[in-house]
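Numbering (our numbering), first residue to last: 12 to 441. Note that CB positions come from ideal geometry on N, CA and C, so glycine has one too. Please read these numbers as outputs of a predicted model, since none were measured by experiment. Working notes, structure below.
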Ligand SMILES: Cc1cc2nc3c(=O)[nH]c(=O)nc-3n(C[C@H](O)[C@H](O)[C@H](O)COP(=O)(O)OP(=O)(O)OC[C@H]3O[C@@H](n4cnc5c(N)ncnc54)[C@H](O)[C@@H]3O)c2cc1C
């Protein structure tokens with residue numbers, strides 16, 4: 012890997028997401044050698060992926076080069092590498108570009124889509140966890156309308172314009188709202204020769220409410236907003252299969268659809284060497300103590316989505332969201348320095364800053380610890396918070412300008428099929 016030997020202890024961080032980057036920033040200018048590895052050379056701002064999928068933002072505006080984050084940090088090394096295995100006994104990791112020894116290892120590998128073992132759904136549905144996946148979805152949505160225009164089979168046309176989103180969390184709700192706005196504001200102008208009023212957006216939730224982690228007020232309001240936008244909300248409905256054409260559920264309800272977006276769950280990205288049953292807990296997360304130390308080890312830490320820290324307030328671990336990852340990264344940065352200075356580490360304390368989701372133009376729900384509100388003000392708060400947490404001045408400017416432009420013009424001009432996604436609905440017919 013061409014990493015020089017150093018008199019400083021080597022800390023290897025796997026993953027340049029929210030957790031990994033906040034940890035790296037904390038370790039800048041400290042007497043350590045830091046090696047950050049990621050299989051992508053950019054940080055992906057996942058909360059805005061749905062806007063890429065729906066043509067509201069260009070992908071570049073929600074990605075930021077990891078090398079730029081580390082540019083002015085001495086003793087920092089980034090390698091574009093996929094880590095395959097941890098040999099804990101040798102304090103060694105194996106990657107696709109070679110092996111590397113560590114003194115301390117931090118797993119910040121995040122999570123991936125969880126299909127709960129349903130390989131048919133995995134094969135035929137669309138996930139939205141990475142930028143390439145968001146671009147695939149954007150292409151598919153647009154290609155569906157292009158195909159719908161060409162067929163004279165009404166049945167097929169309806170299926171091409173029927174979107175099914177599984178999962179009523181923030182991702183599902185935000186995507187459903189954005190698709191409904193496209194249906195209302197863009198499709199009639201782009202496809203005047205297609206009866207786009209027949210397009211349907213369905214959101215399916217296994218439980219009895221949307222936005223389960225938020226207040227009942229936020230959940231109810233989100234549902235109202237979606238219904239006002241024409242989205243069909245199906246609760247207490249569990250999807251059982253999807254063959255690329257027909258969505259079946261545990262009830263009699265079925266949907267003929269060319270597009271199923273799976274936003275129903277995530278599971279931690281575990282690595283070989285640490286993926287035995289004794290290390291993993293709920294959702295494949297690694298059990299860590301209050302210092303983010305992986306149980307059973309004294310030099311391996313985990314932060315963010317991949318870490319499960321049981322506390323009184325969060326018996327199933329902290330929510331798999333950006334804030335716990337950022338806060339754990341910062342806390343671990345301080346703790347690693349304390350550890351090296353042979354001072355006692357400080358336990359992690361999660362400060363819940365609230366949660367929010369946007370359903371569309373002027374429509375959002377915000378739950379702050381002491382204040383819950385919905386509507387236009389919530390929407391502005393949502394935008395401000397997302398701009399604030401985006402990495403990079405250019406990205407903030409580009410996103411801001413796009414949002415102002417889209418707001419004034421009722422438009423989403425990134426509706427481009429740059430990289431076609433090859434899924435031809437006709438192949439699934441019969
Ligand atoms: C569509 C979507 C919307 C979301 N919306 C919100 C929201 O509104 N608010 C919110 O708080 N949270 C939201 N989240 C969740 C939030 O993005 C995650 O909780 C957060 O990214 C977790 O941070 P992390 O550092 O643990 O992992 P990540 O940010 O996912 O970073 C993990 C990094 O590890 C790298 N990696 C993984 N495996 C390997 C490997 N083997 N080798 C090398 N590199 C590897 C990945 O490339 C990635 O860069 C959303 C997530 C998604 C998918």
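Inter-segment contact for the region 335-346 and the region 356-363 is present: three or more beta-carbon pairs are separated by less than 8 Å. Here the distance from the Cβ of residue 184 to the nearest heavy atom of ligand 1 is not below 7 Å. Less than 8 Å separates the beta-carbon of residue 39 from that of residue 84. Straight across, the Cα-Cα distance linking residue 318 with residue 99 is about 17 Å. Per DSSP, residue 103 is one residue of the beta strand (DSSP E) stretching across 103-106. Across the structure, residue 355 and residue 25 are spaced so that their CA atoms are roughly 25 Å apart. Taking residue 411 as the centre and dropping the five residues before and after it, the same chain places the C-beta of 398 closer than 7 Å to its C-beta, in chain order. Positions of the alpha helix (DSSP H) runs, each at least 4 residues long and wholly inside the region 182-209, are given as 198-201 in order along the chain.
Under DSSP, residue 379 forms a beta bridge with 382. Taking residue 59 as the centre and dropping the five residues before and after it, the same chain places the C-beta of 68, 73 and 397 closer than 7 Å to its C-beta, in chain order. A straight line joining the alpha-carbon of residue 243 with that of residue 134 spans about 25 Å.
In the displayed model, residue 295 falls within a helix according to three-state DSSP. Contact between the region 296-315 and the region 325-340 is established, with three or more Cβ pairs separated by less than 8 Å.
Look at residue 95 here: in three-state DSSP terms it is strand. For residue 74, the enclosing beta strand (DSSP E) starts and ends at 74-76. With respect to residue 45, residue 87 sits close: the two C-beta atoms are nearer than 8 Å.
Looking from the CA of residue 205, the closest CA among 285, 166, 52 and 156 belongs to 156. DSSP, reduced to helix, strand and coil, places residue 306 outside both helices and strands of the structure shown, so it counts as coil. About 7 Å separates the CB atoms of residue 126 and residue 273; that is less than 8 Å, so the two are in contact.
For a cut-off of 8 Å, the C-beta gap from residue 281 to residue 291 is around 6 Å, short enough to register as a contact. Residue nearest to residue 27 within the set 298, 75 and 41 is 75 (criterion: CA-CA distance).
Looking at the DSSP output, residue 51 shares a beta bridge with no other residue. For residue 235, no beta strand (DSSP E) encloses it; the enclosing alpha helix (DSSP H) starts and ends at 227-239. Around the beta-carbon of residue 427, fewer than 16 other beta-carbon atoms lie within 10 Å, marking it exposed.
Residue pairing from DSSP places residue 259 in a beta bridge opposite 252 and 265. The beta carbon of residue 120 sits closer than 7 Å to at least one heavy atom of ligand 1.
Secondary structure note for residue 336: it is in no beta strand (DSSP E), and the uninterrupted alpha helix (DSSP H) holding it is 333-351. One alpha carbon belongs to residue 139, the other to residue 16, and they sit about 40 Å apart.
Spanning the alpha carbons of residue 146 and residue 64 requires a straight line of approximately 6 Å. Distances from the CB of residue 93 to the heavy atoms of ligand 1 include at least one below 7 Å. For residue 379, the CB contacts under 8 Å within the same chain, skipping 5 residues up- and downstream, are 364 and 365 in chain order. Counting every other CB atom within 10 Å of its CB across the protein chains shown gives residue 186 a total of 16 or more, marking it as buried. Within the same chain, 267 come within 8 Å of residue 166 by CB-CB distance, once the 5 residues on both sides are set aside. Closest in alpha carbon position to residue 189, among 97, 169, 212 and 351, is 212. In this structure, the C-beta of residue 317 approaches ligand 1 to less than 7 Å from one of its heavy atoms. Under the three-state reduction of DSSP, residue 135 is assigned to helix.
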